[in-house]
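A short worksheet on the structure shown next.
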Amino acid sequence: MKNELTDVSRREFLKTATASALALVGSATLVSALSGCGKDDPTSSRTGEKVSFNLNESGFEALRTVGGILRRNFGANRNGGRDVIIRRVAETEFRTVSVVCPHAGCDVGTPTQTQVECPCHNSVFSMQASNFGARIGGIAPRGLTAFETAFNAETQVVTITF
Ligand code: FES
């Protein structure tokens with residue numbers, strides 16, 4: 020009799036333990052599916068690497084005048100291989116932001132002079148000089164990630180720190 024009770028208890032324990040384990044696996048799968056691209060922070064791709072280009076080089080024509088905007092990719096180790104948007108906000112001042120939406124990691128669309136929109140859930144970010152990259156609408160928790168951008172007016176070289 021004592022042994023029977025122990026067997027029943029053991030069976031109940033195993034049933035409960037198995038159900039708990041399955042629930043845990045299910046939760047992990049659900050969390051992973053809900054987190055978009057599977058990263059906790061879709062914008063965390065800083066490497067500290069500096070990339071420079073001369074405004075007189077072909078491909079950078081858009082940045083030769085104040086207000087110009089350029090969307091560009093700088094390779095695998097820069098912003099995780101994703102594009103950045105660069106704007107010349109003043110004669111000697113440039114700003115650079117990642118295209119990666121801080122909500123779930125989609126690439127934002129084509130920037131206009133005033134804003135850029137994320138096609139996934141319609142968050143909107145400013146492209147204006149005064150608040151370049153700031154979130155101005157939608158579900159995104161913050162603005163686009165900014166990369167430090169320096170300009171040497173003498174040499175016309177722009178340097179972005181990724
Ligand atoms: S990924 Fe959801 S608003 Fe951009």
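Note that the working numbering has the sequence shown beginning at 20, numbered continuously upward.
Cβ atoms here follow ideal geometry from the backbone N, Cα and C, with glycine treated the same way.
The structure presented is a predicted model; accordingly, all values stated were derived computationally and were not measured.
Short check: CB of K69 to CB of T180, under 8 Å? By one-based count along the sequence shown, residue 69 stands at place 50. By one-based count along the sequence shown, residue 180 stands at place 161. Contact flag set, yes.
Going by DSSP, what residue range makes up the beta strand (DSSP E) through E112? Taking the sequence shown and counting its residues from 1, the one referred to as residue 112 is at position 93. Unbroken beta strand (DSSP E) run through E112: E112 to S117.
Kindly list the residues whose CB is nearer than 8 Å to the CB of G128, restricted to its own chain and excluding five residues on each side of it in sequence; keep chain order. Working through the sequence shown from its first residue, we reach residue 128 at position 109. Excluding positions up to five away in sequence, the list reads V135, E136, C137 and P138.
Between A159 and the ligand FES, is there a pair consisting of the residue's CB and a ligand heavy atom that are separated by less than 7 Å? Taking the first residue of the sequence shown as position 1, residue 159 is located at position 140. Yes, the Cβ of A159 comes within 7 Å of a heavy atom of the ligand FES.
Near T126, what residues of its chain come up, given a Cβ to Cβ distance below 6 Å and the 5 sequence neighbours on each side ignored? Locating residue 126 in the sequence shown gives position 107, counting from the first residue. For clarity, residue 126 is Asp in the given sequence; the question names Thr instead. Hits under 6 Å: V118.
Once the 5 residues before and after Q147 are set aside, which same chain residues still bring their CB inside 7 Å of it? In the sequence shown, counting from the first residue as 1, residue 147 sits at position 128. Correct list, in chain order: T133.
Looking at G124 and the ligand FES, is the gap between the Cβ and the nearest heavy atom below 7 Å? Here residue 124 corresponds to residue number 105 of the sequence shown, with the count starting at 1. Yes, since a heavy atom of the ligand FES falls inside the 7 Å radius drawn around the Cβ of G124.
Closest Cα partner of N150 within the set R107, A172 and T178: As a position in the sequence shown, residue 150 is number 131, starting the count at 1. Per the Cα distances, R107.
Coil, strand or helix - R83 by DSSP: Stepping through the sequence shown from its first residue, residue 83 is reached at position 64. R83: helix per DSSP, three-state reduction.
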